[in-house]
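Each residue of the sequence shown is one higher than the one before, counting from 6 in my numbering.
Cβ coordinates follow ideal geometry from the N, Cα and C atoms, glycine included.
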Amino acid sequence: MGNKRKRNQALKKLQLSLPDFRRLCILKGVYPVEPKNKKKVNKGSTANKTYYYIKDIQYLAHEPVLNKFREFKVFLRKLKKAIAKEEPGTAQRLEDNKPVYRLDHILKERFPTFIDAVRDLDDALSMLVLFSTMPQTDKIQADVVKQCKRLSVEFQHYIIASKSLRKVFLSIKGVYFQAEIHDQPVTWIVPYQFCQEPPSDVDFRVMLTFVEFYTTMIGFVNFKLYNTLNLNYPPKLAGEYNNANSVGYCEESELEDEVLSALNQNLAVTVQDDDVEVDEFPVDPDSEDAKAQEASKKELQEMEKLKTLFSDCKVFLSREVPREILVFVIRCFGGEVSWHSTDAIGATFDESCESITHQIVDRPVQGHRYLSRYYVQPQWLFDCVNRCKLLPVEDYFPGVELPPHLSPFVQEEEGDYVPPERQAMLEEQREEGTDSEMEEEEEGTPGEELSKEEKNLAIMAMKKKDKRLYDRIMHSKKKKRSEVRKLETKRKAYDEAQSKKKQKMTR
Numbered sequence: 006m007g008n009k010r011k012r013n014q015a016l017k018k019l020q021l022s023l024p025d026f027r028r029l030c031i032l033k034g035v036y037p038v039e040p041k042n043k044k045k046v047n048k049g050s051t052a053n054k055t056y057y058y059i060k061d062i063q064y065l066a067h068e069p070v071l072n073k074f075r076e077f078k079v080f081l082r083k084l085k086k087a088i089a090k091e092e093p094g095t096a097q098r099l100e101d102n103k104p105v106y107r108l109d110h111i112l113k114e115r116f117p118t119f120i121d122a123v124r125d126l127d128d129a130l131s132m133l134v135l136f137s138t139m140p141q142t143d144k145i146q147a148d149v150v151k152q153c154k155r156l157s158v159e160f161q162h163y164i165i166a167s168k169s170l171r172k173v174f175l176s177i178k179g180v181y182f183q184a185e186i187h188d189q190p191v192t193w194i195v196p197y198q199f200c201q202e203p204p205s206d207v208d209f210r211v212m213l214t215f216v217e218f219y220t221t222m223i224g225f226v227n228f229k230l231y232n233t234l235n236l237n238y239p240p241k242l243a244g245e246y247n248n249a250n251s252v253g254y255c256e257e258s259e260l261e262d263e264v265l266s267a268l269n270q271n272l273a274v275t276v277q278d279d280d281v282e283v284d285e286f287p288v289d290p291d292s293e294d295a296k297a298q299e300a301s302k303k304e305l306q307e308m309e310k311l312k313t314l315f316s317d318c319k320v321f322l323s324r325e326v327p328r329e330i331l332v333f334v335i336r337c338f339g340g341e342v343s344w345h346s347t348d349a350i351g352a353t354f355d356e357s358c359e360s361i362t363h364q365i366v367d368r369p370v371q372g373h374r375y376l377s378r379y380y381v382q383p384q385w386l387f388d389c390v391n392r393c394k395l396l397p398v399e400d401y402f403p404g405v406e407l408p409p410h411l412s413p414f415v416q417e418e419e420g421d422y423v424p425p426e427r428q429a430m431l432e433e434q435r436e437e438g439t440d441s442e443m444e445e446e447e448e449g450t451p452g453e454e455l456s457k458e459e460k461n462l463a464i465m466a467m468k469k470k471d472k473r474l475y476d477r478i479m480h481s482k483k484k485k486r487s488e489v490r491k492l493e494t495k496r497k498a499y500d501e502a503q504s505k506k507k508q509k510m511t512r
């Protein structure tokens with residue numbers, strides 16, 4: 006078997022049970038491997054077997070947590086014995102001295118630098134946000150849910166304070182967010198605010214092991230991120246929160262945590278940062294350095310403009326909209342937001358406030374309307390973020406059929422289907438002087454294009470191996486073109502049906 010061993014052999018060498026072996030592999034980041042020739046490695050048998058590298062098994066054998074697993078087995082055996090003998094004093098003494106292990110050294114092994122941990126945040130954040138919405142069961146303890154909620158709220162507060170959110174997309178699975186942290190894109194998904202029912206066919210022991218590692222990891226990451234912004238960690242509110250409407254929501258000891266979870270208050274800072282100005286050095290206006298400096302300056306100005314996208318907006322949320330998601334998005338871009346004080350803790354102004362500019366609603370008919378504000382549907386906020394500007398509100402009025410919600414994560418390549426709305430957006434960007442990636446790919450010098458005759462001669466001169474590869478490439482391109490034509494036909498039929506529907510309604 007060369008450099009691989011079966012899982013049963015690994016269990017025998019490490020003297021571990023299968024659940025403990027799985028936990029250890031998850032914590033250490035060790036994964037099974039698939040041999041190139043299964044039948045040969047398995048001595049002619051076609052049964053499914055799990056294999057690990059010998060060096061990985063040796064790596065696990067020197068792990069200090071391994072001894073803690075063995076100590077925990079001894080602890081359980083002694084505890085059962087004390088309970089069976091009805092010795093409560095001995096059982097309590099054993100509980101007080103229960104073996105506990107730490108994962109700090111494993112984090113340092115897996116993530117030598119802080120940037121390595123930031124690059125691996127995607128799955129960790131998605132897992133923690135998911136478990137923060139789970140109900141307490143016999144498998145999921147309340148402390149785990151509470152810890153996941155606390156860490157996810159702390160991370161959201163960092164994104165709000167640093168204004169590092171860049172993209173948002175509403176999907177069937179949930180809401181996708183992408184932030185830029187230390188020049189690294191971090192993408193995670195937040196489920197919609199429905200009651201989660203844990204499925205019965207999921208092994209929560211494995212998932213809880215991932216949660217155990219991710220909570221430790223994100224705790225360290227949050228601490229480091231807060232220090233970079235001179236914020237207190239654990240987070241504290243900037244000033245006292247005194248709101249008469251918060252009376253009766255929770256206990257006095259839980260008030261600060263509940264207000265932090267509302268995401269509508271600023272955090273206390275340790276040291277106030279001075280405004281840093283970028284030095285500009287004299288360079289030749291026609292040189293490459295001058296062009297690069299001008300481009301970076303322009304990009305920085307656009308980024309600062311995006312960070313304050315909703316700074317002139319004072320938004321009120323109606324009861325029917327997803328409050329936590331919308332508050333997070335509005336606050337990330339400098340907006341001011343509130344909701345009905347009877348809905349949740351943390352409201353800062355009432356619906357009757359005359360300075361409100363926008364009210365987010367999701368019902369076609371509103372009982373009472375204020376003429377001093379716009380009533381828009383929630384999609385307006387997300388489309389504004391993805392387009393990096395405030396869009397006209399007429400297309401998002403209550404009861405109006407909304408425009409398509411385009412994904413900001415899609416990057417079209419040559420030959421891909423581009424919806425008409427996406428084409429219109431690209432044309433608008435070209436008019437504003439922002440060249441899209443598609444335009445750069447389509448540009449080319451006339452000398453690069455071969456004539457038809459030269460192309461045929463080049464194909465005839467190809468080797469047989471290169472010709473097969475070329476035929477496969479051309480076949481895939483032809484298949485893509487046919488799929489694009491099908492999508493264009495479907496879109497044309499849909500547009501015609503919609504136009505006929507509008508004509509019938511106007512008659």
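Cross-strand partners of residue i (DSSP beta bridge)
i    : result
S343 : F321
R10  : Y57
D507 : The residue you asked about is not Asp; residue 507 is Lys in the sequence shown. DSSP lists no partner for K507.
Y163 : Per DSSP, none; premise fails for Y163.
V274 : L236
I365 : L322, V381
V149 : The partner list for V149 (beta bridge, DSSP) is empty, contrary to what the question assumes.
V38  : Y56
K48  : Answer is none; K48 lacks a bridge partner.
V173 : F182
8 Å Cβ shell around residue i - same chain, five flanking residues per side excluded
i    : result
L32  : V70, L108, I111, T214, E217, F218
S50  : K44
K154 : S137, S266
Q514 : Outside the displayed range of the chain (6 to 512) lies residue 514, so it cannot be described from this structure.
Pick from the options that is closest to residue i, judged by C-alpha positions
i    : options                : result
E325 : F199, K103, V334, P424 : F199
K310 : S346, V134, A15, V390  : V390
L16  : C30, S131, Y422        : C30
Q161 : R210, V207, E329       : E329
P117 : L99, W344, F225        : F225
R75  : W385, E356, F26        : F26
T39  : H67, G7, Q20, Q63      : For the sequence presented, residue 39 should be read as Glu rather than Thr. The shortest C-alpha separation from E39 is found at G7.
I335 : D348, F315, L407, I350 : F315
V158 : D127, V264, V211       : V264
P240 : P190, E259, W193, Y163 : Y163
T313 : R171, L81, G404        : R171
L133 : S266, M212, K85        : M212
G179 : E488, V195, L407       : V195
R486 : E356, D421, Y64, K457  : D421
F182 : A87, F333, Y401, A466  : F333
Q189 : I88, K60, D127         : D127
G357 : L322, M510, P409       : Note that residue 357 is Ser in the sequence shown here, rather than Gly. When only C-alpha atoms are compared, the closest one is L322.
H410 : E307, L175, Y379, I478 : L175
S205 : A466, K90, T142        : T142
A349 : L260, A297, E293, V370 : L260
A243 : L130, T275, V150       : T275
K9   : A52, M467, Q63         : Q63
F209 : D317, V149, L156       : V149
Cβ-based burial, residue i [other Cβ within 10 Å; buried from 16]
i    : result
P203 : exposed
E341 : buried
T220 : buried
F228 : exposed
Y36  : exposed
V415 : exposed
A129 : buried
Other residues of its chain near residue i: CB distance less than 6 Å, five sequence neighbours each side excluded
i    : result
Y231 : Y238
A352 : S343, W344, S346
I145 : M139
K319 : E341, S360, I361, T362
T192 : D127, Q183
D388 : L396
A399 : The amino acid occupying residue 399 in the given sequence is Glu; Ala does not appear at that position. The answer is none, since no qualifying residue turns up.
Cut-off 7 Å between Cβ atoms - residues of its own chain near residue i, not counting five sequence neighbours on either side
i    : result
A166 : L234, L236, L272
V105 : none
E68  : L29, K33
E442 : Annotation note: pLDDT 44 at E442 (below 50); position unreliable, coordinate value reported separately. Correct list, in chain order: Q416.
S131 : W193, I194
Whole alpha helix (DSSP H) runs in the stretch 179-255 with 4 or more residues, listed along the chain? Taking 4 residues as the shortest admissible run, the stretch 179-255 contains the following complete alpha helix (DSSP H) segments, listed from N- to C-terminal end: 209-233.
Can you list, in chain order, the stretches of the alpha helix (DSSP H) that have 4 or more residues and sit fully within the stretch 73-137? Runs of the alpha helix (DSSP H) inside the stretch 73-137: 93-101, 109-115, 119-124, 126-137.
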